[in-house]
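In our numbering, the protein residues as written are 1138 to 1512. Note that CB positions come from ideal geometry on N, CA and C, so glycine has one too. Everything on this sheet refers to the single structure shown next.
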Amino acid sequence: MEAVRTPLGKRGGWLADLHPADLSARVLQALEQRTGIDPSLVDDVIWGCVGQIGEQSFDIARTAVLSAGWPESVPGVTIDRQCGSSQQAVSFAAANVLAGHADVVVAGGVESMSRIPMGSSTAAGDSPMGELYRARYGDDFPNQGVGAEMIAKQWGISRTELDEFALGSHEKAAAAQDRGAFAGQTVPLSTTNGMVDTDQGVRRGGTIEKMATLAPAFLEDGVVTAGNASQISDGSAALLVMGSDTAERLGLRPIAAIDTVAVVGSAPMPMLTGPIPATQKLLARKGLSINDIDTFEINEAFASVVLAWAKETGADLNRVNPNGGAIALGHPLGGSGARLMTTMIHDMRERGLRYGLQVMCEGGGQANATLLRLL
């Protein structure tokens, strides 16, 4: 089958002029073109999107289907599990196929953070937290940046460690670009800035000395900065999901199987610790150890999240985000889960890796974990 993504643009950058429904439509069209599948066979399109307001409202999954020129008979549904929305979309797609409710499902997501800024849905001042929530957790709205600071403190992670990890993300992403690792997964886009086929956020030539000059972003004496946190980005990604019998009937060759999934809740603050129990839950369910996993994609919402996860699970950091992560490539919220999975699937196929584990921390205190097995 196939997994594709757009290049990722920086906020206000290369992709800022593209409507998010059009960004979504481009990856749907790419799936059709690369696989030759008749889109009328698609039973559903499940799409992740966090900022479901303005241009991303009115069920953008359905708008994307129609924008792609697909038959009006193809439905679409938009879901929100915060940063893990499109990873959850893949899980729902697989569950529908396994249950026999669908034969062919497209899963993915989108976020144009240039056009729909983060927090737009609460910009009017209306809190999504009612009296009962506030009675339990207080009046302060959960802050991910402060949560990242709390994690760094709890796990004893220094500013230098965070900055070194961030530099490594950029170095790995630059090396991946140079060897063409993203070429097979990326859909070139025609924009007002010309043809775009490269992730915009990757920075080259950074040094630990330059990183040290950045001011803390959330706490005056903090260690989390714009340099060791994910980039605000625009982008979309999509995966074609079906059972092996359907693939054989359609003459398509599967790349990887969704072996098992896990989803957990965690404390609303520090909010971002969920990847640890999600990983533990998935491995226990499958009867695997952390050393059985050949490659990991752990969303780099903040460097502290990944480093705390690695300390707690004992994972080999050399196997984590081998082509860079969200610190270098960007984090288009609702599209990130599908972007990570697309990158991991292509890397697993290129290097012949058996198991790949993807984990996303999520707003509100949750996490998704997905185990892929190369076929």
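| query | result |
| --- | --- |
| Which class does Val-1360 belong to by DSSP, given the choice of helix, strand or coil? | coil |
| Would you give the residue range spanned by the beta strand (DSSP E) that Asp-1371 belongs to? | 1370-1379 |
| Any idea which residues DSSP pairs Phe-1433 with across the strands? | Val-1457 and Leu-1494 |
| Can you tell me whether DSSP reads Gln-1503 as helix, strand or coil? | strand |
| State yes or no: is the C-beta of Leu-1478 within less than 8 angstroms of the C-beta of Thr-1507? | Going by the sequence as given, residue 1478 is Met instead of Leu. Contact flag set, yes. |
| So who's on the other strand from Thr-1344, going by DSSP bridges? | Looking at the DSSP assignment, Thr-1344 forms no beta bridge with any residue, so it has no partner. |
| Distance check for Gln-1322 and Gly-1380, CA to CA, integer angstroms please. | 22 angstroms |
| Determine, using beta carbons only, whether Gly-1514 and Gln-1224 come nearer to each other than 8 angstroms. | Outside the displayed span of the chain (1138 to 1512) sits residue 1514, for which this structure offers no information. |
| Does Ile-1133 pass the burial test, meaning 16 or more other C-beta atoms within 10 Å, or should it be called exposed? | Because the chain spans 1138 through 1512 in this model, residue 1133 falls outside it and cannot be assessed. |
| Which same chain residues end up closer than 8 angstroms to Asp-1217 when comparing Cβ atoms and leaving out the 5 residues on each side of it in sequence? | Gly-1185, Cys-1186, Val-1187, Gln-1189 and Gly-1471 |
| Note the first and the last residue of the continuous alpha helix (DSSP H) segment covering Glu-1268. | 1268-1274 |
| Please classify Gly-1424: is it buried, with 16 or more other beta-carbons within 10 angstroms of its beta-carbon, or exposed? | exposed |
| Using C-beta distances below 6 angstroms, list every residue in its chain close to Gly-1331, excluding the 5 sequence neighbours before and after it, in chain order. | none |
| Tell me which residue opens and which closes the beta strand (DSSP E) that Ala-1394 is part of. | 1393-1402 |
| Can the beta-carbon of Val-1361 be found less than 8 angstroms from the beta-carbon of Ala-1354? | yes |
| Going by DSSP, what residue range makes up the beta strand (DSSP E) through Leu-1513? | Outside the modelled stretch of the chain, which goes from 1138 to 1512, sits residue 1513, for which no answer is possible. |
| Give the range of the beta strand (DSSP E) segment to which Trp-1207 is assigned. | Here Trp-1207 belongs to no beta strand (DSSP E), and DSSP marks it neither H nor E. |
| With burial defined as no fewer than 16 other Cβ atoms inside 10 Å of the residue's Cβ, what is the status of Lys-1347: buried or exposed? | exposed |
| Assuming Asn-1436 contacts Gly-1462 under a Cβ cut-off of 8 angstroms, what Cβ separation, rounded to an integer in Å, is found between them? | 7 angstroms |
| What does DSSP give as the partner residues of Asp-1181 in its beta bridges? | Val-1242 |
| If you compare alpha carbons, which of Ala-1440, Arg-1488, Pro-1265 and Val-1227 is closest to Leu-1409? | Ala-1440 |
| Given Val-1378, which residues of its chain have a CB within under 8 angstroms of its CB, disregarding the five upstream and five downstream residues? | Met-1138, Val-1227, Ala-1230, Ala-1231, Val-1234, Val-1241, Val-1242, Val-1243, Ala-1244 and Ile-1395 |
| For Asp-1334, which residues in the same chain have their Cβ closer than 7 angstroms to its Cβ, ignoring the five residues on either side in sequence? | Pro-1144, Thr-1323 and Pro-1325 |
| If you measure between the beta carbons of Ile-1294 and Val-1247, is that distance less than 8 angstroms? | no |
| Restricting to Cα atoms, I'd like to know which of Pro-1414, Ser-1194, Arg-1390 and Gly-1501 is closest to Leu-1512. | Arg-1390 |
| Determine contact between the region 1165-1173 and the region 1490-1501, defined as no fewer than three beta-carbon pairs at a distance below 8 angstroms. | no |
| Using only the alpha-carbon positions, how far apart do Tyr-1274 and Gly-1282 sit? | 18 angstroms |
| Contact check, Arg-1422 vs Ala-1399 under 8 angstroms by CB: the rounded distance? | 6 angstroms |
| Using the rule of at least 16 other Cβ atoms within 10 Å of the residue's Cβ for burial, across every protein chain shown, is Ser-1251 buried or exposed? | buried |
| Have a look at Ala-1523 and Gly-1467 and give me their C-alpha separation to the nearest angstrom. | Absent from the structure is residue 1523, since the part of the chain shown begins at 1138 and ends at 1512. |
| Between which two residues does the beta strand (DSSP E) carrying Arg-1218 extend? | Unbroken run through Arg-1218: none, as it is neither H nor E. |
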